[in-house]
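Peer 1: Numbering (the numbering used here), first residue to last: 1 to 254.
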Ligand SMILES: [Zn+2]
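1) Please list the segments of the alpha helix (DSSP H) lying wholly inside the segment 174-205, counting only runs of 4 or more residues, in order along the chain.
2) What number of angstroms, rounded off, separates the C-alpha of residue 240 from the C-alpha of residue 5?
3) Judging by CA-CA distance, which residue of 73, 96, 74 is the nearest neighbour of residue 84?
4) Would residue 201 count as contacting chain C if we go by Cβ distances under 9 Å?
5) So what's residue 77 in DSSP terms, helix, strand or just coil?
6) Nearest by alpha-carbon distance to residue 141: which of 168, 59, 135, 99 is it?
7) Answer yes or no: the CB of residue 10 versus the heavy atoms of ligand 3, is any distance below 8 Å?
8) For the beta strand (DSSP E) containing residue 5, list its first residue and its last residue.
9) If I'm right that residue 162 touches residue 187 with Cβ under 8 Å, what's the distance once you round it to whole angstroms?
10) Ordered along the chain, which non-local residues of its own chain (more than five positions away) have a Cβ less than 7 Å from that of residue 10?
11) Starting from the C-beta of residue 61, find all residues in its chain whose C-beta is less than 7 Å away, skip the five residues before and the five after it, and write them out in chain order.
12) Should residue 54 go down as buried or exposed, given a rule of 16 or more other Cβ atoms within 10 Å for buried?
13) What's the gap between the Cα of residue 14 and the Cα of residue 222?
14) Would you report the Cα separation of residue 172 and residue 252, rounded to the nearest angstrom?
15) Which residue or residues does DSSP assign as beta-bridge partners of residue 243?
16) As a quick exercise: from 116, 22, 218, 207, pick the residue whose alpha carbon is nearest that of residue 126.
17) Mind checking residue 69: buried by the 16 CB within 10 Å criterion, or exposed?
18) Give the C-beta separation of residue 169 and residue 149 to the nearest angstrom, bearing in mind that I take them to be a contact with Cβ-Cβ under 8 Å.
19) Would you mind reading off the limits of the beta strand (DSSP E) that contains residue 148?
20) Do you know how far the Cα of residue 2 is from the Cα of residue 216?
21) Return yes when at least one heavy atom of ligand 1 lies under 8 Å from the C-beta of residue 170, else no.
22) Apart from the five residues on each side of it in sequence, which residues of its chain come closer than 8 Å, Cβ to Cβ, to residue 34?
23) Which runs of the alpha helix (DSSP H) fall wholly inside the segment 7-65 and span at least 4 residues, in chain order?
24) Check each candidate in 76, 92, 113, 219 and name the one with the smallest Cα separation from residue 37.
25) Let me check you understand the geometry: is the CB of residue 232 closer than 8 Å to at least one non-hydrogen atom of ligand 1?
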C-alpha cells in the first residue's frame with residue numbers, strides 16, 4: 001500500500017495569502033503546504049481521504065487517474081471545499097462513493113445543494129453516492145477494511161481511519177481510551193501537529209509526540225501543520241528518530 005501526502009498544511013495553507021512570515025517566504029519546497037489530504041493506493045485501488053480546496057491541484061500533482069471513493073474526516077472547509085472538482089472523475093467513472101458521518105453528509109447536502117439535486121440536476125454537476133460511516137462499524141474498501149477511529153476536534157466529532165497497519169488521524173485534540181485501543185501495532189501513524197503553542201482544537205507538537213509515545217507505531221508522520229511550527233528542516237531536527245514531519249508530495253510505502 002502506498003500513501004501519498006497530497007497536502008500537509010493547516011486550514012489556510014502555507015504560504016498564507018499576503019503573509020510576510022519567514023516560513024511563508026521560505027524557498028524550501030517542503031515549507032509549501034496545501035490543505036491536508038492523502039491518496040492511498042494498492043494494486044488497482046485508489047482512495048482519497050478528504051477533498052479540500054486544493055483538490056484539483058493535488059490530483060494534477062500526483063497524477064491520480066481514478067478515485068474509487070472519498071473518505072471524509074469531517075465537514076470543515078479545508079477538508080471538503082474541493083468537492084466540485086471531482087467532476088473529471090465523474091465524467092470517466094460515473095458517480096463517486098463518498099464515506100462520511102451522517103452529520104457530515106447532511107452538511108455537504110446543504111453546502112453543495114446542486115450536487116444532491118434530484119429534479120432538473122445540471123448534467124455537468126458532480127455526482128456522488130453517499131455512504132454513512134458509523135463508529136465501531138468497519139467497512140470494506142476494495143479488498144481491505146477501513147476502521148473508523150472516533151476522535152474529538154474540540155467539541156466536534158471527527159473520523160480518522162485505520163487501513164491495515166496504517167492509520168490517518170487529523171484534527172485531533174482528544175481521543176477516548178476505547179479508540180486508542182484500535183490503534184495497536186501500527187506500522188505508520190499519521191497525526192496532526194499544528195504548532196508549539198497550545199490550541200483549543202488541535203494537538204500542538206508536544207501533544208502529538210506524547211500521543212505517538214502512547215500509541216508506539218513503528219513510524220509516525222506529522223501533518224496539518226501551521227507556518228507557526230517553523231521551517232521544515234529545523235522542526236525535523238527536533239523530532240525523535242521514528243517521527244517525521246510530512247511534506248506535500250511525500251509518498252510512503254507500507
Ligand atoms: Zn482541518
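The beta carbon of each residue, even a glycine, is placed where N, CA and C say it ideally should be. Since the structure is predicted, the reported quantities are computational estimates derived from the model, not experimental observations.
Peer 2: Once the coordinates are examined:
1) 177-180
2) 21 Å
3) 96
4) Here there is only one protein chain, and chain C is not present.
5) helix
6) 99
7) No copy of ligand 3 appears in this structure; the ligands present are ligand 1.
8) 2-7
9) The pair is not a contact, with the Cβ atoms about 11 Å apart (cut-off 8 Å).
10) 194, 224, 225, 226
11) 249
12) buried
13) 15 Å
14) 22 Å
15) 220
16) 116
17) buried
18) 6 Å
19) 144-153
20) 21 Å
21) yes
22) 6, 7, 8, 9, 13, 52, 54, 57, 58, 248
23) 55-62
24) 76
25) no
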